[in-house]
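Going by the numbering used here, 70 is the number at position 65 of the sequence shown; the sequence numbering is gapless.
Glycine residues also receive a C-beta, built at the ideal position from the N, C-alpha and C atoms.
Everything below concerns the one structure shown next.
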Amino acid sequence: MSLRTAHRASLVDQVIDQLKEQITSNSWQMNAKIPTETVLAEQLGVGRNTVREAVRALTHAGLLECRQGDGTYVRATSELSGAMLRRLRAAEQLEILEVRRALEVEAARLAATRRTDEDIALIEDALAARERAWEIGEPDGFVEADLAFHMAVVHATHNRVLVDLYEDFSAALRASIKAAGTSIDSSYIPHDAIARAIAAGDVTAAERAGHACMEHILIALTDTQEVSA
6 MSLRTAHRAS
16 LVDQVIDQLK
26 EQITSNSWQM
36 NAKIPTETVL
46 AEQLGVGRNT
56 VREAVRALTH
66 AGLLECRQGD
76 GTYVRATSEL
86 SGAMLRRLRA
96 AEQLEILEVR
106 RALEVEAARL
116 AATRRTDEDI
126 ALIEDALAAR
136 ERAWEIGEPD
146 GFVEADLAFH
156 MAVVHATHNR
166 VLVDLYEDFS
176 AALRASIKAA
186 GTSIDSSYIP
196 HDAIARAIAA
206 GDVTAAERAG
216 HACMEHILIA
226 LTDTQEVSA
C-alpha cells in the first residue's frame with residue numbers, strides 16, 4: 006500500500022490517518038520498524054514537524070513506540086490494543102492470566118458448537134506447529150505457536166467481537182505466555198484435548214480442557230509467587 010501526498014487543512018490529522026492505515030492494513034507489521042521521519046515526509050509531501058506530531062500522537066495512543074537511538078516501531082494494531090497494552094503493563098501476571106482464562110475457556114466452548122471443517126484444519130495445523138516448536142526447543146517459536154493455536158480456536162467461535170478483543174489482547178498474552186514459560190517452573194501442557202473436543206463438537210469436554218489448561222498455569226504461578234515471597 007503506497008502513501009498519498011497529503012493536502013492542506015488538518016495535515017497532522019491526515020498524516021495520522023495514513024500512518025494508522027499502514028498499521029491496520031499490516032503494511033507495517035507488528036514489531037516492524039517504520040520509515041524515518043525524513044522518508045515519511047518525502048512520501049507524504051509534508052514537513053518533518055508534521056510527521057513528528059503524527060508519530061507522537063500515535064505513540065501516545067499506544068500504536069507506535071519510539072526507541073531512542075534506534076527508531077520507531079509498531080507496538081499495537083489499534084487504539085484499543087494500545088490502551089490495553091499500557092494498562093496491562095502495570096497489571097499483575099495473575100490478573101492477566103485470569104482474564105486469559107475467561108477468554109480462552111469461553112472460546113473453546115463456543116468453538117465446539119460453531120467450528121467448520123476449515124476451522125478444525127487450522128486448529129490442528131496450529132497444534133502441530135506448537136508441538137514441533139516444543140520438540141526442537143525454540144522458546145520464542147513456541148510462544149508464537151501457542152498463541153497461534155489459541156487464536157485459531159478463537160476464530161472458530163465466529164464471534165467477531167471476541168476475535169477482535171482477543172487480537173487486541175494478544176500482545177499482553179504474548180508476554181503472559183513468555184512469563185509462564187520462563188518464570189514458572191511448569192511442565193509442558195498438552196493442548197490436544199482442546200483440539201479433539203472442538204473437532205468432536207463436545208462442548209463440555211472443550212470447556213473442561215480449556216479450563217484445565219489455564220488452571221495448571223495459574224496454580225504453577227501461585228506456587229511460584231508463594232515460594233518467592
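Distance from the CA of Ile222 to the CA of Ala161, rounded to the nearest whole angstrom, comes to 23 Å. Setting aside the 5 residues that flank it on each side, His196 is surrounded in the same chain by Leu132, Arg135, Phe154, Cys218, each with a C-beta closer than 7 Å to its C-beta; the list follows chain order. Taking the Cα positions, Val158 is about 22 Å away from Glu143. As computed with DSSP, Glu70 is found in a beta bridge with Tyr78. Contact annotation: Val148 and Arg179 have beta-carbon atoms nearer than 8 Å.
Under DSSP, Lys25 forms no beta bridge with any residue. In this structure Thr41 does not touch Leu16 by the C-beta definition: roughly 18 Å separates them, more than the 8 Å allowed.
Pairing Glu129 with Ala200 gives a Cβ-Cβ distance under 8 Å. Membership of Thr64 in the alpha helix (DSSP H) is indicated by the continuous run 53-65. Distances from the CA of Leu115 to each of Arg61, Glu103, Val168 were compared; the closest alpha carbon is that of Val168.
Where His160 is concerned, the enclosing alpha helix (DSSP H) starts and stops at 144-160. Bounds of any alpha helix (DSSP H) do not take in Ala37, whose DSSP letter is neither H nor E.
The alpha-carbon of Tyr171 is positioned some 21 Å away from that of Ala198. By the CB criterion at 8 Å, Ala62 and Ile21 fall inside the cutoff. Distance from the Cα of Gln34 is smallest, within the candidate group Ser83, Ala202, Thr121, Glu220, for Ser83. Excluding its 5 nearest sequence neighbours in each direction, Cys71 has C-beta neighbours in its own chain below 6 Å: Thr64, Thr77, listed in chain order. The Cβ atoms of His216 and Val104 do not sit closer than 8 Å to each other. In the three-state reduction of the DSSP assignment, Gly215 falls in the helix class, which pools H, G and I. Between Ile125 and Ala46, the beta carbon gap of about 48 Å keeps them out of contact (Cβ cut-off 8 Å).
By the C-beta density criterion, Lys38 is exposed, having fewer than 16 other C-beta atoms within 10 angstroms. Going by C-alpha positions, Ser32 is about 25 Å away from Asn164.
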